[in-house]
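See below for the structure under consideration.
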Amino acid sequence: MTVSFFFGNHLQHGFPTNQSELSLFAFWVRLQTSRGRMAKSYFKQEHDLEKRRAEAARIREKYPDRIPVIVEKAERSDIPNIDKKKYLVPADLTVGQFVYVIRKRIKLSAEKAIFIFVDNVLPPTGAIMSAIYEEKKDEDGFLYVTYSGENTFGYQVPL
6 MTVSFFFGNH LQHGFPTNQS ELSLFAFWVR LQTSRGRMAK SYFKQEHDLE KRRAEAARIR
66 EKYPDRIPVI VEKAERSDIP NIDKKKYLVP ADLTVGQFVY VIRKRIKLSA EKAIFIFVDN
126 VLPPTGAIMS AIYEEKKDED GFLYVTYSGE NTFGYQVPL
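So the sequence shown is residues 6 to 164, counted in the working numbering.
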């Protein structure tokens, strides 16, 4: 039997639903990360560190109940581009709710899976964005989120 990581019928709501899927998916994430496919941030390349720090500090001061998030598509993903990169996310929003926001912004159909990564790790859907922010925020004060779709790499792993 083979399981494709990115076919929606294998992953309910686009997320691993059991330990076997989670283990296989974790392997895939490590593989892609080691190949450098998810680590590049165009936002960081376009804006120097001091400007990013100043902007994040200004945002946190003006909106203390919001998280400054940069959302970027994985480098080789075939999923649609998102219309904007910067988001002010309510601190009490869950990762799952934020995924819903991303799905709507890229107009992704319900049968297509989407995965988000923070620091090349798939966060739990029930995690609160403020907790993810405190643990994974960048030195510039932004939280960087990368998203990828179901057909990004499209290979299968035998079970």
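Backbone N, C-alpha and C fix where the C-beta goes; we use that ideal spot for every residue, glycine too.
Contact belief for residue i with residue j at Cβ below 8 Å, rounded distance in angstroms
i    : j    : result
I84  : G154 : 3 Å
I119 : R108 : 6 Å
A132 : V100 : 5 Å
I87  : I111 : 5 Å
Beta-carbon gap between residue i and residue j smaller than 7 Å
i    : j    : result
Y68  : L98  : no
A96  : D124 : no
Y149 : S46  : yes
K90  : Y152 : no
Under the three-state DSSP convention, the category residue i falls into
i    : result
E144 : coil
Y152 : strand
K56  : helix
7 Å CB neighbourhood of residue i in its chain, flanking five on each side removed
i   : result
A61 : P73, D145, G146 and F147
R42 : Bear in mind that a pLDDT of 47 at R42, under 50, signals an unreliable position, so the model cannot answer this.
Cut-off 6 Å between Cβ atoms - residues of its own chain near residue i, not counting five sequence neighbours on either side
i   : result
R57 : D145
Cutoff 8 Å; reference residue i; Cβ partners in own chain excluding five residues on either side
i    : result
S135 : I72, A96 and D97
Of all the beta strand (DSSP E) runs that stay within the bounds of the stretch 68-147, which reach a length of 3 or more residues? 71-78, 91-95 and 119-123
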